[in-house]
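In terms of my numbering, the sequence shown opens at residue -1 and continues consecutively. Ideal Cβ positions, reconstructed from N, Cα and C, are used throughout, including at glycine. Here's the structure, in structure tokens; my notes come after.
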Amino acid sequence: MKRLTSLFLFIAVFGASIRLSAQDTLRLSQDQAIRMALAQSSEAEAARYDSIASSARWKSSRDLWLPQLTIDATPIDLSHDWSRENTNDRTTQNAILNMTQSLPWGGSVRFWQNLSKYEIDYRDTLFTDVSYYSGRKGIELQQPLLSGNVAGRERESARNTWHLGMLSHEAQLRDIEFDVTSAFFNLLLALASYDIALQDLESGRSSADLAERKMNAGFIPEVELLQIQVDLARRESSVKEVEGNLETAIDEFRRKLNLPSTTVPIPIFDAWSDTLLPAIPPVPALEDRPDVHQRRLQLRSSELAMKNSIVGKRIDLSLNAGYSTTGVLAENLDEVLGEVANEDSYVSLSLSMPIFGFGTTSAEIQAAKANYRSAEVNYRLQLEQTAADQREAYRRLERSADRIKISDKALTLSERSLGITEERFTNGLVSSRDLLDAQLDLTRTRNEAVRARIDYHLSLAGIKRFSPGTKEALIKP
């Protein structure tokens, strides 16, 4: 265990014995690597743009519950009057101001104001040119009676769309964090494997030198020396293979952080003892997971879409009411706005009913309902699969913790066994085959001890990927 601890301290400080003299090194902790990736990686940049688009769509949907104010104006309208012997020219300026407000119970109300100005030019006549104003204003109410709160469903659908966009953005950030964490520990594993392979090679060279001296002294036959030399060649080949894996891991980690090709990132990680291992987090309830919340919102959006689709295919009854006034025709604008010449009001019912559509209407309604039922079934299946995946994730984390304890004990025993075997080989009590087996066993045990810890942290990162967070709680409807 002491050798394993010193090994990782060596990796953390010096980045192992890789050939980096011609390149710049950048030592990063796990948190630093995640922050760098979230700040400058291409994936994070794409996630930010997706978030901006989602927020913009949310802002654009405010017309569903905020007043909408518009103005339509005709600055100049030239009309020629041919009804008289002497032609007259008339200029009209018209403006209509509308304000529409959606009501919480599904209807809508519209306020409007119309103002017109007329100017008549009596050309080639004795009449004096005149100008006068006229105006109208009113209020109109429209309320559906059989289709439910259509506006309310649209508002809820818009909120769900925004919530889904925010959850998707959060999922993208968590994916980036998980990918960087995986690349971080894969590089750490590659560095450790490379250093273990170098130590194994050095041990093989020492054994080959000792075996050659013993053969020259006549203590062992030549065949034992040949066995050790063949095994030494195998170790040299293993170092080359592990070195290639290390270069691949460096490239992958560099790509995740969007670093230049001349920079070699070196992971810094010192939490290798059992007492420093992060604790296993509590098992979250399924309904608190952000991915389950996202699926729940998607199911609700499907339900709202089904209802809106069916509403347009059935009988609909709408109540319409309005009141309007007409201002006096006057040359003074204040008189038009202040006095009322005529008043008008109305109340009406509008009925919309499909009569005959060759069966297409009922088929469309049936398809909408079937699609929603299918979404419900898929939602239940996804929950069952999510629950099974969550249980397996925690079992994997617990198995990794058990592997750490077992591998640490095995490493201590393997180190003691190699020490005894080396001493016995020096004294001629065991063959070179026994020495090679002991060395190979220590190499396998070292790699297993490293992999056990790497697997623990990767399993922990996978659990954090779907654990509830504060951001999800803030955007729940």
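Under 8 Å, with one C-beta from each stretch per pair, do the region 172 to 187 and the region 20 to 37 reach the 3-pair mark? yes
Tell me, to the nearest whole angstrom, how far the beta carbon of TYR477 is from that of LEU275; I am working on the premise that it is less than 8 Å. Outside the shown range of the chain (-1 to 475) lies residue 477, about which nothing can therefore be said.
Whole-angstrom distance between GLU390 and HIS167, CA atom to CA atom: 26 Å
Are the beta-carbon atoms of ASP387 and LEU349 separated by less than 9 Å? no
Assign VAL326 to one of three DSSP states: helix, strand, or coil. coil
Beta strand (DSSP E) segment containing ARG24, residue limits: Reading off the sequence, residue 24 comes out as Leu, not Arg. Run containing LEU24: 22 to 27, per the beta strand (DSSP E) assignment.
Would you call MET304 buried or exposed, if buried means 16 or more other Cβ atoms sit within 10 Å of its Cβ? buried
With a 10 Å radius around its C-beta and 16 neighbouring C-beta atoms as the bar for buried, classify THR246 as buried or exposed. exposed
Mind checking whether LEU498 and LEU171 have CB atoms under 9 Å apart? Because residue 498 is not part of the residues shown, which for the chain are -1 to 475, the question remains open.
Are the region 194 to 209 and the region 254 to 270 touching by the rule of at least three beta carbon pairs closer than 8 Å? no
Can you pull the DSSP bridge partners for MET97? LEU67, PHE109
If we ignore side chains and look at the alpha-carbon of each, how far apart do ARG414 and ARG287 end up? 47 Å
Quick check for students: name the residue ranges of the alpha helix (DSSP H) that lie wholly in the region 244 to 281, counting only runs of 4 or more. none
Tell me, which residues are paired with SER316 by DSSP? PRO142, SER348
Short of 6 Å in beta carbon distance, which residues of its chain neighbour SER405, apart from the five on each side in sequence? Order them along the chain. GLU446, ALA447, ALA450
Own chain partners of ALA319 with C-beta closer than 6 Å, once the 5 adjacent residues on each side are dropped: LEU139, VAL345
Are the Cβ atoms of LEU144 and ARG312 separated by less than 9 Å? yes
Any 3 or more C-beta pairs closer than 8 Å across the region 237 to 245 and the region 179 to 192: yes
Let's test the definition: count the other Cβ atoms within 10 Å of the Cβ of GLN38 and tell me whether it reaches 16, buried, or not, exposed. exposed
What do you get for ALA188, buried or exposed, if any count of 16 or more other CB atoms within 10 angstroms of its CB means buried? buried
Alpha-carbon to alpha-carbon, PHE183 and LEU416: 29 Å
Proximity below 9 Å, CB of GLN380 to CB of ARG293: yes
If you draw a straight line from the C-alpha of GLY426 to the C-alpha of ILE461, how long is it? 53 Å
Given that a residue counts as buried once 16 or more other Cβ atoms are within 10 Å of its Cβ, and exposed if not, what is TYR47? exposed
Comparing the CB of VAL178 with every heavy atom of the ligand MN, is any distance shorter than 8 Å? The ligand MN is absent from the structure shown, which contains no ligand whatsoever.
What's the C-alpha gap between TRP160 and ASN306? 19 Å
Starting from the C-beta of ALA42, find all residues in its chain whose C-beta is less than 7 Å away, skip the five residues before and the five after it, and write them out in chain order. ALA35, LEU36, ILE174
Given 8 Å, three or more beta-carbon pairs between the region 145 to 159 and the region 326 to 346: no
Apart from the five residues on each side of it in sequence, which residues of its chain come closer than 6 Å, Cβ to Cβ, to ASN96? THR68, TRP110
Please report how far the alpha carbon of ARG25 lies from the alpha carbon of LYS403, in whole angstroms. 29 Å
Using 10 angstroms around the beta-carbon of THR424, count the other beta-carbons present and answer buried if the total reaches 16, otherwise exposed. exposed
For GLU396, count the other beta carbons within 10 Å of its own beta carbon; 16 or more makes it buried, fewer makes it exposed. Which is it? exposed
For SER19, which of helix, strand or coil comes out of DSSP? Its pLDDT being 44, under 50, SER19 is placed unreliably by the model, and nothing is read from it.
PRO219: first and last residue of the uninterrupted alpha helix (DSSP H) it sits in: From DSSP, PRO219 is part of no alpha helix (DSSP H); its letter is neither H nor E.
Can you tell me whether GLY483 is helix, strand or coil according to DSSP? Because residue 483 is not part of the residues shown, which for the chain are -1 to 475, the question remains open.
Tell whether a beta-carbon distance below 9 Å holds between LEU438 and LEU409. no
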